[in-house]
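Colleague: Pasting a structure here, questions to come.
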């Protein structure tokens with residue numbers, strides 16, 4: 016008797032999103048490696064008048080919040096967030112492709128930063144938007160994936176909500 020592994024349609028339908036998560040984590044970690052090995056620590060490298068590279072370490076979550084929680088507390092929070100987003104993604108119908116893409120970007124970004132926190136005890140940040148008198152918080156590609164993913168999820172939900180709210184023309 017030969018045993019054959021049967022792939023469920025559910026597993027196959029998740030494959031593009033799993034690949035997107037893997038690509039996001041891989042790209043994030045590759046860029047962070049390049050930053051760590053090629054960018055001086057806490058020295059601004061201007062690219063254009065409003066954008067610079069500036070390698071620094073974030074010991075908290077977004078905008079250095081909750082740095083007092085310590086590594087273990089932040090790892091637990093990040094793992095909880097990833098689990099919650101995966102739960103939401105699992106409850107999302109297959110027809111909501113944009114929402115699932117958004118969730119994949121959020122999970123990929125969160126895992127990229129979680130890898131940093133577990134490996135180094137901090138997150139590597141390096142993107143700085145600024146003007147001569149103002150600067151935005153320094154962030155990284157994983158943070159951008161999380162932000163873009165969240166925007167995609169919200170926009171897709173709003174579009175879906177508007178679609179459902181339109182009265183039928185009978």
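In this note's numbering, the protein residues as written are 16 to 185.
For glycine and all other residues, C-beta sits at the position ideal for the given N, C-alpha and C.
The structure displayed is predicted, hence computed values, not measured ones.
(1) Hey, how far is the Cα of residue 31 from the Cα of residue 173?
(2) Helix, strand or coil for residue 28 per DSSP?
(3) Which partner residues of residue 60 appear in the DSSP bridge assignment?
(4) Residue 85 to residue 98, Cα distance in whole Å?
(5) Give a yes or no on contact between the region 123-133 and the region 142-152, applying the rule of three or more CB pairs nearer than 8 Å.
(6) Within 10 angstroms of the Cβ of residue 62, are there 16 or more other Cβ atoms? Answer buried if so, exposed if not.
(7) Which first and last residues belong to the alpha helix (DSSP H) in which residue 54 is found?
(8) What's the C-alpha gap between residue 103 and residue 143?
(9) Rounding to the nearest angstrom, what Cα-Cα distance links residue 87 and residue 100 in this structure?
(10) With which residues is residue 73 paired in a DSSP beta bridge?
(11) Around the Cβ of residue 114, are there at least 16 other Cβ atoms within 10 angstroms (buried) or fewer (exposed)?
Modeller: Well, looking at it:
(1) 23 Å
(2) In this structure, residue 28 counts as helix in the three-state DSSP scheme.
(3) 68
(4) 20 Å
(5) no
(6) exposed
(7) Taken as a continuous stretch (DSSP letters only), residue 54 belongs to no alpha helix (DSSP H), as it is neither H nor E.
(8) CA-to-CA, the gap between residue 103 and residue 143 works out to about 31 Å.
(9) 20 Å
(10) Residue 73 is bridged by DSSP to 138.
(11) buried
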